[in-house]
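In what follows, a single structure is set out as structure tokens and then discussed.
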Amino acid sequence: MRSSTSTNTRIPVAILIALCSSLQGVLVWSAKEPCSYSDVSGLAFCNTSLPVRTRAIDLVSRLTTDEKIEQLMMEAPPIERLHMDAYNYWSESLHGVLSYCSTDDNKTRCPTCYPMPIGMGATFHQNLVHRMATQISSEARRFFVQDAGKNTSSLQDRHVVGLDFWAPNINIVRDPRWGRAAETPGEDPFLSGQYALSYIKGMQQGDDDPSYLKTIATLKHFAGYSLEHWNGSNRMSFNAIISDQDLAQTYLPAFQVGITQGRAGSVMCSYNAVNGVPSCANDFLLQTLLREQWDWDGYVVSDCGAISYVYRPHKYKPTPEQAVAASLQAGTDLDCGNYYQHLKGAMQNELITETDLDRALVRLFSARIKLGMFDPWHMQPYMNYPPDIIGHPSHVETALQAARESIVLLKHTQNVLPLDKKNGTKIAVLGPHIHAKAALCGTYHGTVPSNMASPLEALQAKFATVFGMEGCDINSNNTDGFAAAAQHAKEADVAILFMGTSTAIEQEGKDRYEIGLPGVQEALIDAIAQVQNKTILVLINGGPLDVFAAKDNPHVVAILEAFYPGMKGAEAIVDVLLGTYSPSGRLPYTMYKKDYVDQISMTDMSMTSGPGRTYRYFKGEVVYPFGYGLSYTSFEFKFLDHHGLDGEITEFKGPQYRVNVTNTGPRASDVSVLAFVSFEGSDKEFACPLSQLFGFQKIHLQPNESKTVFFSVAPASLKCYGLAQQSLSSPVGTYSVTVGSEHQYFHYYANASISTASAEAE
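Under mature numbering (1 follows the signal peptide of the UniProt record, and there is no 0), residues -25 to -1, 1 to 737 are what the sequence shown spells out, in order.
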């Protein structure tokens, strides 16, 4: 989908429902509900006692063929004879509602901007992800109410909000060059699946009435999407050649969790083709997998313009009519665009039938009925959020806490951190991100509040003596500022450098060719470190960066990875620097060395070819590994006991472990407890990942406090790819479970039973 990297990005408006106003936070509608008109109120689609599908079928049966075709496109027009209002399906909520600030009740309230998903992935805190999504959906409902009455055709430049949201993005960060890494939770399928599960539940399931959806979440981009524009290949025409093994082990599992467990209301098919078939016309993906194997009844929406690309540039079908027919029959119900206008010609040429139209429309109208769009407003559990729910203090506090938990401490020497602000510490704040504000929100964000702090401002609020200058730009070769920056650093007690990337370098439509710090940033770090032996590096970025030179430099005493931390990111970084919060983030991807990009083409979708991809298959030396992260305190992990199942392994049962975690250091801190499993055998008939995350928990511990965490190895985590049977199964042999530096072994036998062995520390 088109990226939203600034507040003036064109986002189509959402909905014409009814004129409304707010009085002391209570909704007052100034127009009739759609089904309150006497000529339609008695029809089945208005009967709330009937099943949703029955209502949808009745509604679809009342439409003409031309009306049906129009309703299959993103900007669905009104049908006045049925009192149906216009509806625009496109709204965004990747890490906050993409909208202008509200001026409801004459007060300006801006949508909360949380850390980008790559940072949320680094928290390894699913309750926090759920809380964020719950708050986003509450703000979305309020925006929806206040924007009721806006016309979809007259406000094309407005960020008017509907109730269908095209998030989360759960594609795997298979290559560090990918421009959209920041939009995802990371490189691990299990982490991405759990993220999707928490996000979907927060967006769709409110506490008031389970018969209604709060909003609809859309899993994207299905499937095998992780290339923008690289070396002549672009996402619109790219054919992703993916083996059955990689589909089963890497590219599909997160989507399967989001569908089978999360019950996402919508899925977005991607621009690319998979093994020669465009995703939006791919019967295997959209019908065999989604509908049949995963038993899903939601709707599929194309990425914007993707239906037209089935015709050109994919050239999958020779005419526009054949392209739209193939897409509709494969299972793409909604066209984000207007290319489905060719369905009329497809009907005339007998390429599709009325039944094909009806099938897609029943799915779309079922979704709108579940959202309450055809029911009396007084029945709606989510229509009465007050104006101040937008940017509510509790939401801002969640954004701050999420930013704190997302920060990963990569390096810490000489005990420089936490900083001491009581002794007149002089701080030199340098680097191209010192003035960053909206840039801290990355992409797909709404208007940021005017009082948002930059890193420089956040530090100035805490320290009496702060000198600030950039020293260089993000991506230029100009070194004119080096001398002055070095002088500031020399005169200070500590130098803090805010470096990284920006949406000018990595974003939707733009991949990187190199994974080092762009421009002359690395040279500036070296220049500062030569004159200041207490240099701290803070990274603001999306995709992985090679910071080996800084890691290896003894004068760079600390490195923090902050990703794109959102509207409260600057304050969160300062909280970590001061020790107000002890860092607990873990890397959600591998940080490779620069030469990685020379070893494998970005168009190679194989996870195992060349040096391998992600921690699950890469065997080389890394700068920092997946799951890495330091703290201001220390922790001890110990398996308390272990027991496996004596009987057959089922879909839901596997070996179970209790792990005791003790804070052995001087500070209270959160800790992310990550659990991995690996096959220790050498069965050449199976292709297994080197290691696989199967569980994680976030806990808080005071000094000397212990807590017990429980892990159950999901049988899916034991699955390897059987080369002979061409399917997933569990090879016979020994498996290792790792938590921290502690190992536990269990043996899987041919009769599907498990026995366990004693723990062993590294």
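Don't be surprised by glycine CBs; every beta carbon is placed ideally from N, CA and C.
Please identify the residue among the options whose C-alpha is closest to the C-alpha of residue i.
i           : options                        : result
Phe721      : Glu655, Gly670, Gln701         : Glu655
Gln507      : Gly475, Pro529, Ala464, Gly541 : Ala464
Lys43       : Ser74, Leu260, Ala248, Leu336  : Leu336
Ser36       : Glu329, Pro586, Lys397, Lys673 : Glu329
Tyr62       : Phe340, Lys290, Pro26          : Phe340
Lys594      : Tyr603, Arg30, Met582          : Met582
Gly544      : Asp455, Ile409, Thr637         : Ile409
Phe671      : Pro563, Ser644, Glu680, Gln677 : Pro563
Ile490      : Ala19, Leu431, Gln574, Ser11   : Gln574
Gly366      : Tyr590, Gly347, Cys76          : Cys76
Tyr592      : Gln323, Ile32, Ser666, Ala305  : Ser666
Asn209      : Ala281, Leu676, Phe651         : Ala281
Arg238      : Val391, Lys189, Gln179         : Gln179
Met427      : Lys82, Ala374, Glu50, Glu483   : Ala374
Arg106      : Thr78, Ser173, Asp163          : Ser173
Thr29       : Met580, Asp308, Trp352, Lys345 : Lys345
Gln46       : Arg338, Gln231, Lys176, Phe20  : Arg338
Glu445      : Ala215, Asn313, Phe438, Ala461 : Ala461
Leu514      : Pro493, Ala502, His530         : Pro493
Asp33       : Leu18, Thr39, Asp41            : Leu18
Ala198      : Gln297, Val249, Asn81          : Val249
Gly708      : Ser609, Cys695, Ile480         : Cys695
residue 739 : Ala321, Asp468, Ser167         : Residue 739 cannot be examined here, being either before or after the span of the chain that is shown, -25 to 737.
I'd like to confirm the pairing. Which residues does DSSP put opposite residue i in its beta bridges?
i           : result
residue 738 : Since the displayed the chain opens at -25 and closes at 737, residue 738 lies outside it and no answer follows.
residue 743 : Since the first residue shown for the chain is -25 and the last is 737, residue 743 is missing from the structure and cannot be characterised.
Ala19       : In the DSSP output, where bridge partners are listed per residue, Ala19 has none listed.
Thr193      : Ser241
residue 744 : Outside the shown range of the chain, which is -25 to 737, sits residue 744, and nothing can be said about it.
Cys695      : Ser704
Asn144      : Lys195
What first and last residue would you give for the alpha helix (DSSP H) that runs through residue i?
i      : result
Arg633 : Careful: Arg633 lies outside any alpha helix (DSSP H), inside the beta strand (DSSP E) at 631 to 638.
Tyr274 : Looking at the DSSP string, Tyr274 is not in any alpha helix (DSSP H); the run it does join, the beta strand (DSSP E), is 274 to 277.
Thr235 : 228 to 235
Phe119 : 101 to 121
Phe686 : Looking at the DSSP string, Phe686 is not in any alpha helix (DSSP H); the run it does join, the beta strand (DSSP E), is 681 to 687.
Gln304 : 295 to 305
Gly96  : 92 to 98
Gln505 : 496 to 506
Phe213 : Where Phe213 is concerned, there is no enclosing alpha helix (DSSP H), given that its DSSP letter is neither H nor E.
Phe165 : 164 to 179
Lys319 : 318 to 323
Using beta-carbon positions only, say whether residue i and residue j come within less than 8 Å of one another.
i           : j      : result
Phe538      : Met91  : yes
residue 775 : Asp658 : Nothing can be reported for residue 775: it is not among the residues displayed for the chain, which extend from -25 to 737.
Pro362      : Asp184 : no
Asp350      : Thr23  : yes
Cys311      : Val276 : yes
Lys526      : Val598 : yes
Thr418      : Glu483 : yes
Arg155      : Glu203 : yes
Gly629      : Leu703 : no
Ser113      : Ile364 : yes
Leu668      : Asp221 : no
Val532      : Gln435 : no
Tyr246      : Tyr200 : yes
Ala256      : Ala305 : yes
Mind checking which residues open and close the beta strand (DSSP E) that includes residue i?
i      : result
Lys526 : It is not in any beta strand (DSSP E) - Lys526 instead sits in the alpha helix (DSSP H) that spans 523 to 527.
Leu385 : 383 to 387
Ile646 : The identity of residue 646 in the sequence shown is Val, whereas the question assumes Ile. First-last of the beta strand (DSSP E) with Val646: 644 to 654.
Phe669 : 667 to 676
Assuming residue i contacts residue j (C-beta within less than 8 Å), just tell me the rounded distance between them.
i      : j      : result
Leu681 : Ser644 : The amino acid occupying residue 681 in the given sequence is Ser; Leu does not appear at that position. Ser681 to Ser644, Cβ: 13 Å. No contact.
Pro540 : Ile548 : 7 Å
Gly517 : Arg561 : With 8 Å as the limit, Gly517 and Arg561 do not qualify as a contact, their Cβ atoms being about 17 Å apart.
Asp448 : Pro407 : 5 Å
Ser68  : Ile111 : 5 Å
Met48  : Tyr315 : 5 Å
Leu615 : Asn638 : Actually they do not touch by this definition, with Cβ atoms about 17 Å apart.
Phe140 : Ile191 : 7 Å
Phe230 : Leu194 : 6 Å
Ile93  : Thr159 : 6 Å
Val404 : Gly443 : 4 Å
Kindly examine the ligand FAD and report whether one of its heavy atoms sits closer than 7 Å to the Cβ of residue i.
i      : result
Gln262 : With respect to the ligand FAD, the structure shown offers nothing to examine, as it has no ligands at all.
I'd like to know if residue i contacts chain D, where contact means its C-beta is closer than 8 Å to some C-beta of that chain.
i      : result
Pro185 : Given the protein chain composition of this structure (a single chain), no chain D is represented.
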